[in-house]
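Read in order, the letters of the sequence shown correspond to residues 1 to 333 in this note's numbering. All remarks here apply to the structure that follows.
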Amino acid sequence: MKITKKTILYIVIAELFTFILLPSLLLGVHGIFNKLPAPAVPKIFVNKVEIPKNIRVYRHTYGVTEVVPFEDYVKGVVAGEMPSNFETEALKAQAVAARTYSLSKIIRSGDGGNPPAHPDAPLCDDTHCQVYRSVYDLTALKGDNWMQKSWPKICKAVDSTKGQLMYYDGQLAEQALFHSSSGGRTENSEDVFASAVPYLRSVDSPYEEGATHQEETKYFSTKDFIYLINLKYPDRKLSAPISKVEIVSKSDGGRVEEIKVNNSSYQGRELRDALGLSSANFKISLSNGTITITSTGFGHGVGMSQYGANGMAQRGSNYKEILAHYYTGVKIY
Numbered sequence: 001m002k003i004t005k006k007t008i009l010y011i012v013i014a015e016l017f018t019f020i021l022l023p024s025l026l027l028g029v030h031g032i033f034n035k036l037p038a039p040a041v042p043k044i045f046v047n048k049v050e051i052p053k054n055i056r057v058y059r060h061t062y063g064v065t066e067v068v069p070f071e072d073y074v075k076g077v078v079a080g081e082m083p084s085n086f087e088t089e090a091l092k093a094q095a096v097a098a099r100t101y102s103l104s105k106i107i108r109s110g111d112g113g114n115p116p117a118h119p120d121a122p123l124c125d126d127t128h129c130q131v132y133r134s135v136y137d138l139t140a141l142k143g144d145n146w147m148q149k150s151w152p153k154i155c156k157a158v159d160s161t162k163g164q165l166m167y168y169d170g171q172l173a174e175q176a177l178f179h180s181s182s183g184g185r186t187e188n189s190e191d192v193f194a195s196a197v198p199y200l201r202s203v204d205s206p207y208e209e210g211a212t213h214q215e216e217t218k219y220f221s222t223k224d225f226i227y228l229i230n231l232k233y234p235d236r237k238l239s240a241p242i243s244k245v246e247i248v249s250k251s252d253g254g255r256v257e258e259i260k261v262n263n264s265s266y267q268g269r270e271l272r273d274a275l276g277l278s279s280a281n282f283k284i285s286l287s288n289g290t291i292t293i294t295s296t297g298f299g300h301g302v303g304m305s306q307y308g309a310n311g312m313a314q315r316g317s318n319y320k321e322i323l324a325h326y327y328t329g330v331k332i333y
C-alpha cells in the first residue's frame, strides 16, 4: 500500500479526534449532567416496629397464660372478631388492624407493665383486648365442617398480609380501633374516648347492609329506667316522676353526646352502658310512663366498621383502600 501525504493527513486527524477531541466532548457532556439536579430519592421515614415471633396471652376461660406464635394469634383474633363469610379483603383489613392494635399493646406493656386485669401477659382473649380463639376453641365452638371450610380462608387472608402494620406519620398507629357497625358514620375518637387521635376521624360508612342491631328498639318503664340509671350513676340521683327527656347535642358521627332527663345531664355513652344499648346512636321518647329507645349500630363507633369494611369489599375495594378509608392518613408497611 502506497502511503501518500493525504493518507498521513487522515491518520493524524483520526488520532486527534480519538485522543484529544472525543475525550473533551465526553467531559463536557458529563459536566452538563453533573449540573442537573439529582433525581429525588424517597426517604424511608417509618420507625419500623419489630414483630415478635411469640407472645403471651391470658386465657380468661382457662385462667392461664399461654405462649402463642404471633401470627397464629392474629388468625385467632380474626376468627373471633369477624364473621368468616365476610369478603376476603375485609378479613385482610381486620388482620392488619388486629395485628397493629395487639402489637401496640405489647409495646406499651414493655414501658409500663401489663394491664392489672392480666398482669402476666400484655394481651388477653376477650373484649378487654381483642377476642381470640385458638384452633381448639374454634373446633369446639364451630365444629369440624367450619374448620375445614372457613378456617383455611381466614388463615390465607392473614398469611397474605403477614407482618403488615399501619403507620401514621412514621409511627405505629397504636389505636387501631374497630367495631361491628356504625349506623352510617364513624366517630371522632375524642367524642367517645379521652383524646383526639389524628387517624381516628369521623367518616361515612354507608355500606353496612346486613349489619346486626339496626333500628333496635328497647322499652323501659320509668321505674326501671330510674333504677338502672341510679344504679350506674348514683351521684345524679334521678327521681320520679320523669317529665322530660331531651337530647341536647349529638356528635359528628350522629351519636348522642348529651341528654337531659328532668334536670340531670348524662352522656350518651353513659345511657348506653347503664341500659345495655348496642350503640349511643339512638332516639329516645317518653309516652304514657314508657321510655322508648331505638338504637342503630353496634359498638363504640370509632375506627373501622367491620360491616362497613365488608360492604366496601363487596364493591371492589381492597384491604388497603378499606383501611385508608377508616383510618385517615395511615400507611401500610
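Built from N, CA and C at the ideal position, the CB exists for glycine as well.
About 45 Å separates the beta carbons of Gly289 and Tyr327, which is beyond the 8 Å limit, so they are not a contact pair.
The beta-carbon separation of Asp191 and Glu257, rounded to 7 Å, stays under the 8 Å limit for a contact. With contacts defined by Cβ atoms closer than 8 Å, Tyr319 and Lys153 do not form a contacting pair. Ser305 places its beta carbon less than 8 Å from that of His179.
Straight through space, the alpha carbons of Lys48 and Gly170 are spaced by roughly 8 Å. For Phe298, there is no enclosing beta strand (DSSP E), as DSSP marks it with neither H nor E. Boundaries for Met166: no alpha helix (DSSP H) harbours it, while the beta strand (DSSP E) harbouring it runs Met166 to Tyr168, taken from the DSSP string. According to DSSP, residue pairing for Glu187 in a beta bridge involves Val302. The residues Asn310, Ala313 and Gln314, in chain order, have a CB closer than 7 Å to that of Glu87 in the same chain once the five nearest residues on each side in sequence are set aside. Cβ-Cβ separation between Val197 and Ser205: approximately 17 Å, too far for a contact (criterion under 8 Å). Comparing alpha-carbon positions, the option among Leu103, Thr294, Gly76 and Met166 lying closest to Gly329 turns out to be Met166.
Ranking Val78, Ser265 and Ala194 by CA distance to the CA of Asp159 puts Val78 first. If you ignore the 5 residues before and after Phe225, its C-beta comes within less than 6 Å of the C-beta of Ile291, all in its own chain and listed in chain order. Exclusion of the five residues before and after Glu216 leaves Ser278 and Ser295 as the residues of its chain whose Cβ lies within less than 6 Å of its Cβ. From the listed residues Arg269, Ile229 and Pro122, the smallest Cα separation to Ser239 is found for Ile229. For Lys153, there is no enclosing beta strand (DSSP E); the enclosing alpha helix (DSSP H) covers residues Trp151 to Ser160.
Between Pro83 and Phe70 a beta carbon distance of about 23 Å is seen, past the 8 Å cut, so the two are scored as non-contacting. In the DSSP annotation of this structure, the continuous segment of the alpha helix (DSSP H) that includes Leu275 starts and ends at Gly268 to Leu275. Annotated three-state conformation of Asn54 is strand, per DSSP. Just so you know, the alpha carbons of Leu275 and Arg269 end up roughly 10 Å apart.
For Glu174, there is no enclosing beta strand (DSSP E), as DSSP marks it with neither H nor E. Contact between Thr65 and Asp120 holds: CB atoms are separated by about 5 Å, below the 8 Å threshold. Spanning the alpha carbons of Gly113 and Pro122 requires a straight line of approximately 8 Å.
Here His300 is buried. Its C-beta has 16 or more other C-beta atoms within 10 Å. The Cβ atoms of Thr100 and Leu172 sit closer than 8 Å to each other. The residue among Lys149, Tyr219 and Val261 with its C-alpha nearest the C-alpha of Ser243 is Val261. The Cβ atoms of Asn281 and Gly254 sit closer than 8 Å to each other.
Scanning its chain for C-beta atoms nearer than 6 Å, with the 5 sequence neighbours on each side dropped, one finds around Ser181 the residues Glu208, Ala211, Gly297, Phe298, Ser305 and Tyr307, in chain order.
Following the DSSP letters along the chain, one finds Phe225 inside the alpha helix (DSSP H) bounded by residues Thr222 to Lys232.
Nearest Cα to Val67 within the set Ile55, Glu187 and Glu174: Ile55. The beta carbons of Gly76 and Ser150 sit about 13 Å from each other, so the pair does not count as a contact at 8 Å. In this structure, Cys124 sits near Val57, with a CB-CB distance shorter than 8 Å.
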